[in-house]
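Going by my numbering, the sequence shown opens with residue 18, and the numbers climb by one from there.
Using N, Cα and C, we set each Cβ at its ideal position, and we do this for glycine too.
Worksheet for the structure shown next.
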Amino acid sequence: MTDFIIDFFFNNFLLSIDMYYKSYYYEYEI
């Protein structure tokens with residue numbers, strides 16, 4: 018159960034970073 022929670026939060030963390038960098042780069046591409 019704890020492994021699931023850790024994986025869940027870690028994946029969300031990576032996803033937020035990924036979305037942040039994508040939006041950051043898209044703004045500068047335009």
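Straight-line gap, residue i to residue j (C-alpha atoms, nearest Å)
i: T19; j: F25; result: 10 Å
i: Y98; j: I23; result: It is not possible to answer for residue 98, since the shown part of the chain is limited to 18 through 47.
i: L32; j: S40; result: 12 Å
i: D35; j: Y43; result: 12 Å
i: F21; j: N28; result: 10 Å
i: Y45; j: F30; result: 23 Å
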